[in-house]
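Engineer:
In the working numbering, the protein residues as written are 4 to 854.
(1) Buried or exposed for residue 264, going by 16 or more other Cβ atoms inside 10 Å?
(2) Ends of the beta strand (DSSP E) at residue 507?
(3) Give a yes or no on contact between the stretch 475-485 and the stretch 494-505, applying the rule of three or more CB pairs nearer than 8 Å.
(4) Put residue 223 into one of helix, strand or coil per three-state DSSP.
(5) I'd like to know whether the C-beta atoms of residue 232 and residue 269 end up nearer to each other than 9 Å.
(6) For residue 194, count the other beta carbons within 10 Å of its own beta carbon; 16 or more makes it buried, fewer makes it exposed. Which is it?
(7) Do you know how far the Cα of residue 790 is from the Cα of residue 595?
(8) Please report the straight-line C-alpha distance between residue 104 and residue 603, rounded to a whole angstrom.
(9) Among 730, 113, 713, which one has its Cα closest to the Cα of residue 742?
(10) Alpha helix (DSSP H) containing residue 390: first to last residue?
(11) Between which residues of its own chain and residue 698 is the CB-CB distance below 7 Å, once the five residues before and five after are set aside?
(12) Is it right to say residue 127 is buried, meaning 16 or more other beta carbons lie within 10 angstroms of its own, or is it exposed?
(13) Quick check on DSSP: helix, strand or coil for residue 848?
(14) Alpha carbons only, please: which of 694, 695, 457, 716 is nearest the one belonging to residue 704?
(15) May I ask whether a heavy atom of the ligand MN can be found less than 8 Å away from the beta carbon of residue 317?
(16) Taking the runs of the beta strand (DSSP E) that are 3 residues or longer, which of them lie wholly in the stretch 379-440?
(17) Given this structure, state the Cα-to-Cα distance separating residue 320 from residue 340, to the nearest angstrom.
(18) Hey, is the stretch 420-427 in contact with the stretch 449-469, meaning 3+ C-beta pairs nearer than 8 Å?
(19) Looking only at its chain, what residues have a beta carbon closer than 6 Å to the beta carbon of residue 38, apart from the 5 residues adjacent to it on each side?
(20) Put residue 9 into one of helix, strand or coil per three-state DSSP.
(21) Comparing C-alpha positions only, which one of 538, 587, 256, 311 sits nearest to residue 119?
(22) In whole angstroms, what separates the C-alpha of residue 520 from that of residue 805?
(23) Kindly indicate the opening and closing residues of the alpha helix (DSSP H) around residue 2.
(24) Could you check what DSSP says for residue 531 in three-state terms: helix, strand or coil?
(25) Would residue 557 be called buried (16 or more neighbouring beta carbons within 10 Å of its own) or exposed?
(26) If I'm right that residue 36 touches residue 159 with Cβ under 8 Å, what's the distance once you round it to whole angstroms?
(27) How about the stretch 505-518 and the stretch 534-552: do they share at least three Cβ pairs that are nearer than 8 Å?
(28) When you compare the stretch 643-661 with the stretch 777-793, are there three or more beta-carbon pairs, one atom per stretch, that lie closer than 8 Å?
(29) Once DSSP output is grouped into helix, strand and coil, what is the label at residue 481?
(30) Can you give the Cα-Cα distance for residue 171 and residue 389, rounded to whole angstroms?
(31) If you drop the 5 nearest sequence neighbours on each side, which residues of the same chain put their C-beta closer than 6 Å to that of residue 721?
(32) Scan the stretch 243-271 and note each continuous beta strand (DSSP E) run of 3 residues or more that stays entirely inside, going in chain order.
(33) Figure out for me which residue from 686, 759, 565, 551 has the closest Cα to the Cα of residue 736.
(34) Hey, how far is the Cα of residue 27 from the Cα of residue 185?
(35) Rounded to whole angstroms, what's the CA-CA distance from residue 15 to residue 32? Just pull it up for me.
(36) Short check: CB of residue 230 to CB of residue 260, under 9 Å?
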């Protein structure tokens, strides 16, 4: 299975196993066991890399051996406590086994590891370990020992399916994040711990761009509301493109103990050195942190702070009247701590540091002296660089609109960049999601810091002061574009105003001959002179030339992708290199939005990357290998998802593509047989529906008179009772068609089985040139086809807009009035010919006068 398929399977099974346990609680168990498996597998990997085997751990008692593991890994897990050893225990595996192993793990920790994974919690007067849910909370898994032990065995059996050394631990990391996202979605209000990946990616890129030229040895990043560490991980990933990843220090603080533990696990699984993890389980606002031990335990200033704090949280400002974090700016109101979190973040950055924080939209304009004073001070101190308005309903736990605010200290400039990205999203069921192109568009606007119509505007401090420091985005920029109003003269005459036609100015400029082919030349108002707008547009020389030029650009990019993805080594920077080339190639392309082109590429990248990672992990020889095609199906009895093999598939190259490329005749033969089977089925239905009542009664099922029974049909033909000659002929024709349908399907099935064998053999014997061709068809062609469709959509949308405009004024009022008068005259003429009684004639005259 791919990591995506495996993640979906684990989630589906986990959702069944958790039964009545809340999703927000069950996640702590399944993710905790995943982390324990990771630690066990990492220890086995370490000893094998050292030339030993897992069995060498059996009976290990020497202190030197024990310390060797602890010094290199930061911990030691005894042989009997390994996750893989648990799997061999069968029914003997239970809660007692787990809790005892966890306790021994804690005792084995090195001093550095213990600082992260086993810390003293003053609130409860005991040590708090990263496996709290496993060593203290297993009672929630069942009402008695037996049910708890079974629940544990189920979870361990589920987690055991995650691969170890056969693939990179990116698989485990991917599944971990996937489950966090799914649990958050399921938990709703209980699951406010997940920040959408697209949002964290955007914030991380903005921060990394600011820090990319730092010369200091260590880069320090801090999240005071760390959650499960998604923001910190993304920042580390982006900064790691410019700096040595081993010299990034991660500071994080989280109020909820279980969530804090998830953050520790998540960061450690990315192989971040434990000495670079400084995480704390505490209340950010109540107690200032982090502190600098080298500066008399004063506040630690870091390179970047990022946060997605709880919205409109309650706090006690009266306890912080002399708090340095807020002294220069003011205290946030007790029922809305949003700006208190912001000021905490700002307080902890270096003079040249950066803050990127997610906040509810209300912080920009809410009334109340406290928040108004803070906003004023932030503007007067030039702290706010950028405000990004985002779409509503991005989060699982709340539908409210949020913003990203970017801040810094000691700014020389006083302007603020406002970005209205409220319309930049795609609807995905109940959620709105940012596409990769949306993220890129916002990021580019942040970096460019210039006006972009209906999207971004650079606003001076003077303008903000004039607005009484109100930062509500619509006061400065709006993504909403008003529809053109109806023109009164156009409504009366059907002629179209020049202003409305000028909304297509880019098209008229690009296609100078087209306007005169479509419209009259009147300077103020025009009228369409063709009924076939689409044909005229498609035939225009300018349109044909533009499409031809764009196709050549696509062909050039196609060649570039072949060289980059197939002919050259790839690494984690490959995506960014391709993206940079894409923007360079298409940014000046007429009429198309380069971000739509970028989305066309991004829509295929995940599949390409999955293949590239697998080839990197397992070797290029897998391009000629096949494997069982496993799908998940829900067992109706057990209600659990089970793996079902539905055939074979190529590990990288789709077998369907091989069929289409090398065996088109075989495919056509199968399709023709299936078509004939469908025709026979249609004929069967027609014959059955047209049978006489007697014939139908003789062959229908006892419990369903809408379906026939083959056994009864044959009996009726063999021994007809009360049936006419026509009835008998119809039944024989029905049986003939049934036999024909069955024969066609059998032939198709046999042909399909033969084709599968041929395809599997071909897949395993592809030449290097054929593999290259398959990669081109699998990776490159879908991308360039999608890019070409962008231009096609632009032209089709243009044609559609022209048709809509034509229809808008298709029935002018003057013509409607004229038509009404003509119809009225016709009616009067007809009525004048009517005859009847004196009363009837008098009534007709009265009606004609009304008309």
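In this text, a Cβ means the ideal position worked out from N, Cα and C, and glycines have one as well.
Structural biologist: On the basis of the supplied data:
(1) The count along the chain shown starts at 1 and reaches residue 264 at position 261. Per the 10 Å Cβ criterion, buried.
(2) Indexing the chain shown from 1 puts residue 507 at position 504. Premise fails: residue 507 is in no beta strand (DSSP E) and is neither H nor E.
(3) no
(4) Here residue 223 corresponds to residue number 220 of the chain shown, with the count starting at 1. Here residue 223 sits in strand by DSSP.
(5) For this step, residue 232 is matched to residue 229 along the chain shown. For this step, residue 269 is matched to residue 266 along the chain shown. Closer than 9 Å, so yes.
(6) For this step, residue 194 is matched to residue 191 along the chain shown. Caution is warranted here: a pLDDT of 44 is assigned to residue 194, below 50, making its placement in the model unreliable, and no coordinate value can be reported.
(7) Your numbering for residue 595 matches position 592 in the chain shown. Your numbering for residue 790 matches position 787 in the chain shown. The alpha-carbon atoms of residue 595 and residue 790 are separated by roughly 10 Å.
(8) Within the chain shown, numbered from 1, the residue matching residue 104 stands at position 101. Within the chain shown, numbered from 1, the residue matching residue 603 stands at position 600. Whole-angstrom Cα-Cα distance: 50 Å.
(9) Locating residue 742 in the chain shown gives position 739, where the first residue counts as 1. Checked all of 730, 113, 713; the closest Cα to residue 742 is 713.
(10) Position 387 of the chain shown, counting from 1, holds the residue named residue 390. No alpha helix (DSSP H) holds residue 390; the beta strand (DSSP E) holding it covers 387-392.
(11) Here the question's residue 698 lines up with position 695 in the chain shown. Closer than 7 Å at Cβ, skipping near neighbours: 726, 730, 733, 734.
(12) Sequence index remark: in the chain shown, residue 127 carries index 124 (1-based). Residue placement at residue 127 cannot be trusted, given a pLDDT of 48 that sits under 50; what the coordinates show is reported in the next sentence. Residue 127 should be labelled exposed.
(13) One-based indexing of the chain shown puts residue 848 at position 845. If DSSP states are grouped into helix, strand and coil, residue 848 belongs with the helices.
(14) As a working note, residue 704 is residue 701 in the chain shown. Checking every option, the nearest Cα to that of residue 704 belongs to 716.
(15) Because no ligand of any kind appears in the structure shown, any question about the ligand MN cannot be addressed here.
(16) 387-392, 405-410, 419-423, 429-431, 434-436
(17) Within the chain shown, numbered from 1, the residue matching residue 320 stands at position 317. Within the chain shown, numbered from 1, the residue matching residue 340 stands at position 337. Those two C-alpha atoms are separated by around 9 Å.
(18) yes
(19) Working through the chain shown from its first residue, we reach residue 38 at position 35. Result list for residue 38: 268, in chain order.
(20) Locating residue 9 in the chain shown gives position 6, where the first residue counts as 1. Residue 9 falls in the helix class under three-state DSSP.
(21) Counting from 1 along the chain shown, the entry for residue 119 is found at position 116. The candidate whose alpha carbon is nearest that of residue 119 is 256.
(22) Position 517 of the chain shown holds residue 520. Position 802 of the chain shown holds residue 805. Roughly 13 Å between the two C-alpha positions.
(23) Here the chain has residues from 4 to 854 only, and residue 2 is not among them.
(24) Walking along the chain shown from the start, residue 531 turns up at place 528. If DSSP states are grouped into helix, strand and coil, residue 531 belongs with the strands.
(25) The count along the chain shown starts at 1 and reaches residue 557 at position 554. Counting Cβ neighbours within 10 Å, residue 557 comes out buried, since at least 16 surround it.
(26) Sequence index remark: in the chain shown, residue 36 carries index 33 (1-based). Sequence index remark: in the chain shown, residue 159 carries index 156 (1-based). Correct: roughly 6 Å between the Cβ atoms.
(27) yes
(28) yes
(29) Position 478 of the chain shown, counting from 1, holds the residue named residue 481. In this structure, residue 481 counts as coil in the three-state DSSP scheme.
(30) On the chain shown, residue 171 is found 168 positions in, with the first residue counted as 1. On the chain shown, residue 389 is found 386 positions in, with the first residue counted as 1. Below a pLDDT of 50, predicted positions are generally treated as unreliable, and residue 171, at 42, falls in that range; no measurement from the model is reported.
(31) Position 718 of the chain shown, counted from the start, is the residue given in the question as residue 721. Cβ within range, chain order: n/a, list empty.
(32) 251-257
(33) In the chain shown, the residue the question calls residue 736 occupies position 733. When each option's Cα is compared against that of residue 736, the closest is 686.
(34) If you number the chain shown from 1, residue 27 lands on position 24. If you number the chain shown from 1, residue 185 lands on position 182. Residue 27 and residue 185: Cα-Cα distance of roughly 10 Å.
(35) For the purposes of this step, residue 15 is taken as residue 12 along the chain shown, with counting starting at 1. For the purposes of this step, residue 32 is taken as residue 29 along the chain shown, with counting starting at 1. One C-alpha to the other measures close to 16 Å.
(36) In the chain shown, counting from the first residue as 1, residue 230 sits at position 227. In the chain shown, counting from the first residue as 1, residue 260 sits at position 257. No, they are not a contact pair.
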